[in-house]
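Notes follow the structure.
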Amino acid sequence: MASTHCRPIDWTAWLPPLVACGVLPAAALEGDALRGVQAELRQHEIAPEPPNPDRTATADAFHRPLFPTQQLYEAVLRCCTEAEARAGPAPAHPTGWRFTAALLASAVLMEEYVRGHSTRAMMQAAAHSARTAAAAAAVEAGTGGGVVALLGNGGAGEAGSGGGGDVERDRAEAAADAEGRAASELLLFFRTASKEEAADRLVEALGEVEEMKANLLRVIRGVSPEGLVRVLLDTLEASRRGDVQRADGGRKTLGGVFFRELMKLKSGGILANQLLLLPSLPPLRSYQLNTAGMVLCGWGLRLPEALLGAAVDGPGAEQVGAEAEVEAEAGLEARAVAEARFQALLPNGWTGNWLVQAPTNSGKTRIFVEVARCVVESKRSSGGGALVVVLVPSVILTSQHAAYFRRAQLPGTAVAAHSSDSPLTEQAWNAAVRAASAGGGSGGTSSVLVATAASFLNLLLPREGGRPPVARLRQLDLLVLDEAHHCHDEHPFAQVMAFYESTAAATTALTPRPRVLAVTASPASEVEPTTLVLRMEQLLGRLGAALHCIEAEHPEVAAVVSEPRLLERRVRLRAVDRGLMGVLQADGLSSQIPALSADCFASGELKDSTFPKFWALLEYLQTFRDREYFHGIVFVKTRQDRHGRGMSDTEQQQLLEMFKAPGRKVLVATSAAEEGLDVPSCEFVVRYNAAATGIQLVQSRGRARKREVAEFFCILQDDTLDLHLHAKSQLEEDNMRQYTRARAAAAAGAAGNS
DNA sequence: ACAGGCATACCGCAAATATT
DNA sequence: AATATTTGCGGTATGCCTGT
């Protein structure tokens, strides 16, 4: 939608600098060969047509490569060869220089292409042109047509409950699917657009006159993007039902229906407004239930009804011992059964903190959400409110977890996300503390504060002028550490726990220390098993926690956690690549390299000569060219971005939204996306640079979560550190796995004995 | 063992941009 | 037009890997 700005690439503009560096001979700049190459490139459509939404894509379109690299390379090579034939061999260049030159020129061309098609460029283009285009497309068609077009041309929505044949149902599902896609696109639009633009688009979509815009602007103030989408969906649904009667017997316009639905939404209150589009959480899985239940029993908290119900008739109920079943049938109270079951899981009646290790994608978040729910309800039943702080290691995780907590709908609980953007201020903290303690019979308001560890640490540190810190750990009821393996040395996690340790002395029965629940998929990674044990003991010591492992081999865990197929591809430098290195590192050229790389490659990472790996990556991506939809992530070590500053937080969030949308999506990411990032349904993950630690290996592989079909593809280059690092990270993961298994076996043995 | 590079954060300030 | 919000950039911190 944004690629209408595709212009023919003037690749010849890049030739003079290459000639100046001596990579290309001067002869390459002239002659029929050059024109021939250009003609050939035009024929092959280097700049691909923007996808045409009207026409269902033909098979032909899908069989075309995403980028005609092979043709490009061959065309440039032909140009170089003919130039050489005309000018004679160049003695200054090593054998095979023309392959080198062709590769280099191809890479330069691709750089140009990539820059024009980068996500950043797409996002910028989408910010401006796409809106008007989409809005213009939405104006077509008659009653309801505007909204229908706005939401995509989905047919009958969920109202189609006739449910006849499979065909009909499939079509209804497909339509609902298309509508869901359109809705998510719309959501993205409303999130990124200003109120002004949103009103503009609504005016067009609803077929209203321009004068209504001011009115719309006023009315949609304070309505969340989710709310707007919800209203539009409701408007569409209402107009389909024919629910357009006006009080005076007339027929409501689309805009009229919209206003009515909007008022309905507003009367529902802000909270409902935010929750409308949020699907409720999936049912609790038995291992999540067991873990949460065990932790809560250890802490002596009263289990909430939600957990009790799941414990008695949930999916894991059959795992209750046979005698427990009998007792349940004998009329024993459900609570007692559940508590007995969870109590049996507790090692030695442990009442302290917990470190829960669970595989990636097994639903760690859900576990601490349920624990938080119980803490909140327990406080609530005694007329107060709970204060829960969730610490995460990266900014992007704060909003993600906050959204998840909102979905969980803890009773009487406000959820907030804090990081350097919207920092956790003294006012916000004091307000949360007051709300929690101001019970007074009516029940205090609980707060869940999701924050980066560093920003929370700022509140704990003494302020200048000898004033006491804003926050004290004893003010909160529950402290959750996500990705807790960061808790070591001087990391903010560790510093927070140092504060926790220092509060031990002042702990009384009236003001106990908060409970700590730490979760991670990869607690530590060490090459030596003995140092691994040491690290684990240190970690558990800092947390004051007992370790609970959720094994990947557990059948129910294995049923939900994807195990991607492991693919490895070893590449080695070819003569041509060595030639390139030789050319670039020759004495006469070395002074030009910085300028050349700055202009052409933006990275200067030429010493690695990553060409073979790049071709391997392209080849791998080609295997997906027939798919209309796929998602994948390519992990690289460095950012290769000349702007130096990466993406802002909001850009990251927008990008994540874009990536979640359907289509052909490849996300190229650094280690920032390794941990915790919730990117559903990735068919493949590519490691362009080998994982350096077992933690990285586990975390990045965990992003490939499309069941059954996911692949984890490692590109390893000989003669580099890739092989060593790959072996090291695998060894570290194996060590961790063995440690986990041993601990789980020991725990099972202890539980059996006691 | 230690410095250098690059990754991630945090904070503060000033310019740009959006909102009223 | 005035004000509020967002964004960009420099400075600082820590963790991890790498090369001397």
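Those letters in the first sequence? Residues -21 to -1, 1 to 733, per mature numbering (1 follows the signal peptide of the UniProt record, and there is no 0), in order. Cβ atoms here follow ideal geometry from the backbone N, Cα and C, with glycine treated the same way.
For a quick check, are the C-beta atoms of residue i and residue j less than 7 Å apart?
i	j	result
residue 735	T377	This structure cannot settle anything about residue 735, because the visible part of the chain is limited to -21 through 733.
L370	L460	yes
L207	F168	no
P543	A689	yes
S679	F614	yes
L334	A524	yes
V210	L165	no
C528	T719	yes
residue 738	I346	Because the chain is modelled from -21 through 733, residue 738 falls outside the range shown and cannot be assessed.
V348	A387	yes
R413	M476	no
E469	P372	no
F692	L546	yes
G364	A396	no
A483	V550	no
Nearest to residue i by CA position, among the options, is which residue?
i	options	result
N437	S426, R451, T424 and S425	R451
R548	D697, P491 and P447	D697
A319	L196, G279, T509 and W333	G279
A411	A497, G444 and Q454	Q454
L275	R239, N340, V355 and T339	V355
L496	E53, R413, T330 and K685	T330
L233	M191, P262 and P261	M191
V394	V368, L263, V374 and S416	V368
G423	A407, E712, T392 and Q406	T392
P402	S425, T602, D179 and V429	V429
R682	A669, C661 and R666	C661
L511	G221, A81, D713 and A725	D713
G186	Q336, K592, A217 and V236	V236
E687	M715, A537, T214 and K616	A537
A184	T214, S416, G728 and V664	T214
A351	A381, S341 and G328	A381
L389	E443, T490, R492 and A285	A285
A727	E636, L526 and A595	L526
T649	E636, V539, L287 and V665	V665
C353	N332, P283 and A337	P283
A503	S541, M715 and P261	M715
I694	C466, K592 and E63	K592
Given residue i, which residues of its chain have a CB within under 8 Å of its CB, disregarding the five upstream and five downstream residues?
i	result
F638	H610, K644, L646 and V658
V374	S398, S399, D400, T431, D628 and Q631
A114	Bear in mind that a pLDDT of 41 at A114, under 50, signals an unreliable position, so the number given afterwards is only what the model happens to contain. Closer than 8 Å at Cβ, skipping near neighbours: D179, R180, E183 and A184.
E480	R521 and G523
Just grab the DSSP bridge partners of residue i for me.
i	result
L693	For clarity, residue 693 is Cys in the given sequence; the question names Leu instead. C693 pairs with E547 and R666.
D461	V498
R643	F609
C528	Q336
A648	F614
H397	A430
V369	V429 and V459
V392	In the sequence as presented, Val is not what sits at residue 392; that position holds Thr. S425, per the DSSP bridge assignment.
Return the chain-ordered list of same chain residues with a C-beta closer than 6 Å to the C-beta of residue i, the five sequence neighbours on each side being excluded.
i	result
S501	H464, I674 and V677
E607	none
T404	none
P471	A432, A433 and L436
residue 738	In this structure the chain extends from -21 to 733, so residue 738 is not present and cannot be described.
F603	F609
Please work out which residues of its chain come closer than 7 Å, Cβ to Cβ, to residue i, disregarding the five sequence neighbours upstream and downstream, and give them in chain order.
i	result
R43	With a pLDDT of 44 at R43, under the threshold of 50, the modelled position of that residue is not reliable, and the figure given next carries that caveat. Excluding residues within five positions, none has a Cβ falling inside 7 Å.
A671	L704 and S708
P441	P447 and P448
F478	L439 and L452
Q717	none
G272	L282, L286, A290, A317 and F321
V540	P338, N340, S341 and A531
F663	G611, A683, A689, E690 and F692
For residue i, verify whether its CB is less than 6 Å away from any heavy atom of the ligand COA.
i	result
T487	In terms of ligand content, the structure shown is empty, and the ligand COA therefore cannot be addressed.
Could you say if the stretch 700 to 707 and the stretch 513 to 520 meet the contact criterion of at least three C-beta pairs nearer than 8 Å?
no
Between the stretch 351 to 365 and the stretch 322 to 341, can you find at least three pairs of beta-carbon atoms closer than 8 Å?
no
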